[in-house]
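J.: Counted the way our numbering counts, the sequence shown spans residues 50 to 412.
Beta carbons are placed, not taken as given, at the ideal position from N, Cα and C, and that holds for glycine.
Source: prediction; values computed, not measured.
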Amino acid sequence: MVHSCAKCQQRATVYDVGGSKCDFCFQQAIIHNFKTTISRKGLAQFGDSVGVAASGGYSSQALVDLLGRSLFEREDGKTSRMKLKVTLFHIDFESPLHSSNSNIEVIQSLAAKYSFRLCTARDNHSCQQLWRETFERIAWKDFKDTSDFEELSRILVYRMIAFLAQSQGCKIVFDGLSAHSVCRNILTSISSGNGFAIPFEVSPADISGRFFDVAIHHPQYDITDRQLMRYVWIRKIDFVAPNLTLSRLTASVDSLTMSFLKDLEEQHRSTIPNILRTSSKVAVPLQFSYCSFCRVPVGSNGKLVSPLTWKIHDKKDNEEKVVTRLCKACQHRQRRMSMETFQLFLSSLMAFDKALEYKEDYG
50 MVHSCAKCQQ
60 RATVYDVGGS
70 KCDFCFQQAI
80 IHNFKTTISR
90 KGLAQFGDSV
100 GVAASGGYSS
110 QALVDLLGRS
120 LFEREDGKTS
130 RMKLKVTLFH
140 IDFESPLHSS
150 NSNIEVIQSL
160 AAKYSFRLCT
170 ARDNHSCQQL
180 WRETFERIAW
190 KDFKDTSDFE
200 ELSRILVYRM
210 IAFLAQSQGC
220 KIVFDGLSAH
230 SVCRNILTSI
240 SSGNGFAIPF
250 EVSPADISGR
260 FFDVAIHHPQ
270 YDITDRQLMR
280 YVWIRKIDFV
290 APNLTLSRLT
300 ASVDSLTMSF
310 LKDLEEQHRS
320 TIPNILRTSS
330 KVAVPLQFSY
340 CSFCRVPVGS
350 NGKLVSPLTW
360 KIHDKKDNEE
370 KVVTRLCKAC
380 QHRQRRMSME
390 TFQLFLSSLM
400 AFDKALEYKE
410 DYG
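(1) So who's on the other strand from K352, going by DSSP bridges?
(2) Which residues does DSSP list as the beta-bridge partners of T136?
(3) Does the beta-carbon distance from R60 to C71 come in below 9 Å?
(4) Can at least three beta-carbon pairs, one atom from the segment 259-272 and one from the segment 306-318, be found at a separation below 8 Å?
(5) Relative to the C-alpha of S252, which candidate in F245, H267, W282 and S241 has its C-alpha closest?
(6) Whose C-beta lies closer than 8 Å to the C-beta of G96 among residues of the same chain, with five residues either side of it excluded?
(7) Just to confirm the assignment, what range does the alpha helix (DSSP H) spanning I235 have?
(8) Locate the alpha helix (DSSP H) running through V302, then write down its first and last residues.
(9) Thinking C-alpha only, which one of A264, S241 and R171 is nearest S301?
(10) Nearest by alpha-carbon distance to L112: which of C343, F401, Y163 and Q383 is it?
(11) The beta strand (DSSP E) that contains Y64, what's its start and end?
(12) Kindly indicate the opening and closing residues of the beta strand (DSSP E) around H266.
(13) Pick out whichever of E406, L393, A404 and Y407 has its Cα sitting closest to the Cα of L201.
(14) Taking S230 as the reference, give the member of T195, I272 and K220 with the closest Cα.
(15) Determine whether the beta carbon atoms of S223 and A93 lie at a separation below 9 Å.
(16) What do you get for G218, buried or exposed, if any count of 16 or more other CB atoms within 10 angstroms of its CB means buried?
(17) What is the DSSP secondary structure of P322, reduced to helix, strand or coil?
(18) DSSP three-state call for G105: helix, strand or coil?
(19) According to DSSP, which residues form a beta bridge with I221?
(20) Check R203 in the structure and name its three-state DSSP category.
(21) Any heavy atom of the ligand NAP closer than 8 Å to the Cβ of R233?
(22) When the Cα of Y407 is compared with those of F212, S98 and V354, which residue comes out closest?
(23) Between the Cα of S338 and the Cα atoms of G348, S329 and V331, which residue gives the shortest distance?
(24) Helix, strand or coil, according to DSSP, for V345 in the structure here?
(25) According to DSSP, is Y270 part of a helix, a strand, or is it coil?
(26) Along the beta strand (DSSP E) that carries K84, what are the first and last residues, could you check?
(27) I'd like the span of the alpha helix (DSSP H) that includes F249, first residue to last.
(28) Between which residues of its own chain and L159 is the CB-CB distance below 6 Å, once the five residues before and five after are set aside?
(29) Distance check for T169 and P322, CA to CA, integer angstroms please.
(30) In the DSSP assignment, find the alpha helix (DSSP H) that holds E122 and state where it starts and stops.
(31) Considering only residues of the same chain and omitting the five flanking positions on each side of A55, which have a CB-CB separation below 7 Å?
(32) Based on the DSSP secondary-structure assignment, which residues constitute the bridge partners of R171?
(33) So for R284, helix, strand or coil by DSSP?
(34) Work out the CA separation of R166 and R326 for me, nearest whole Å.
(35) DSSP has Y339 in a bridge; who is on the other side?
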C-alpha cells in the first residue's frame, strides 16, 4: 500500500505522529517546530550571541544543522529573519565514558558549512586544568555504580560548556536535549528523590539559573529521538545510529529509563507527550537553593553537610571554608563513593562554580 504525504500528496517516506509525510515536508515540519520553540519560548532574540553544546551525537548534529538552516534558508528565497551569532562548544577530552575523537570531524564539517565558530575545551587553559585535576586524579575504580559514571561525566561537561560560553561572551547555550531525554530526566528525578526539580527539567527555557549568567536552553525539547534520527539520516550527515542494546556492564538508571520509554512508546505513541504535558503542570517553586554537587534546584530534601567543609584556593592563595548542600540523589551518591574521591570531585566543581559566579579564570 502506497501512502501519500498529508500535506503535498507526494509519496510519503516518513510515518510520523502528525501523519505520513514526504522527506521535504517532514524536514519543514521539524524546522518549523524548532524555530517556533525558539521564538515563542523566548530562548533567543535578534542579534544574540548563542552557543551550541555540540557533542557530535545525532541530537547535536541535528541541532547544529537545524540552527544553520533556520538562519540561512527560507522557502521563498528571502533572507531569514532570525539573526544570531553562533559558536559551537565541544568537549574534546577523553574519560572512561566519554570519547569524542570520532565526533570532532563531523562537528568541524557542520561548523564550516554554516560558518559557525568552533571552540573546544582544549583551546581553553582553564578547562584543561580542571580536567587534569578532576578526571586524571580521580580513582575511577572507586565508582561502583555505572549511573554515577554517567551522571558525573554529564555534571562536569555542563560546567565546562557554561565556562566556555562565558569565556566567549555567550549568555545563551542551546543543547540537544530531545523529548525522550527530557522525559528520561523527569523519571530519573522522581526515582532518585529529586521530584522538586521536575518543573525546571520540563521547561525548554533554563529557568533554574544553575549556571549563573549562562542559560542552557533546550530548543528540541518536544522533538523525539526517532524524528531527530530520521532528520539526520535524510540530511545525509555523517551519522551512526546509537547502539540501544543494553548489557549488564553498561546498564544504568538513565539507560534503563530510556529503554523503558522506547519500549512503552512502541505500544502507546502518546507516552512522551503525556509525560511532558503532565509534568508541565507542576508549579515552579518560588524559593529554592542548589545542590553543591550537581547544581539541580533543591527544596526541603536538600541536606546541609555542616560537618564537612571544602577548601577553595583562589588567585591570592586564600582559603575559604564552604558548607555544602546536597540533593537527595547526591546524598546517596556520596555514600557510594570514597570520601577522598567525593571531596576531590566536589572541591573541583565548587571552584569551577566560583569562577563562573565571579567571572574569574580558574586557577
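T.: With the given structure in hand:
(1) L375
(2) G100 and R166
(3) yes
(4) no
(5) H267
(6) K132, L133 and K134
(7) A228 to S240
(8) V302 to Q316
(9) S241
(10) Y163
(11) V63 to D65
(12) A264 to H266
(13) L393
(14) I272
(15) Note on identity: in this sequence residue 223 is Phe, with Ser being the wrong assignment. Their beta carbons are under 9 Å apart, which means F223 touches A93 by this criterion.
(16) exposed
(17) helix
(18) coil
(19) V99 and A264
(20) helix
(21) With respect to small molecules bound, the structure shown includes none, and the ligand NAP cannot be examined in it.
(22) F212
(23) G348
(24) coil
(25) coil
(26) That residue, K84, is in no beta strand (DSSP E); its alpha helix (DSSP H) goes D72 to R89.
(27) I247 to V251
(28) V113
(29) 35 Å
(30) From DSSP, E122 is part of no alpha helix (DSSP H); its letter is neither H nor E.
(31) G68, S69 and K70
(32) None, per the DSSP bridge assignment.
(33) coil
(34) 36 Å
(35) P346
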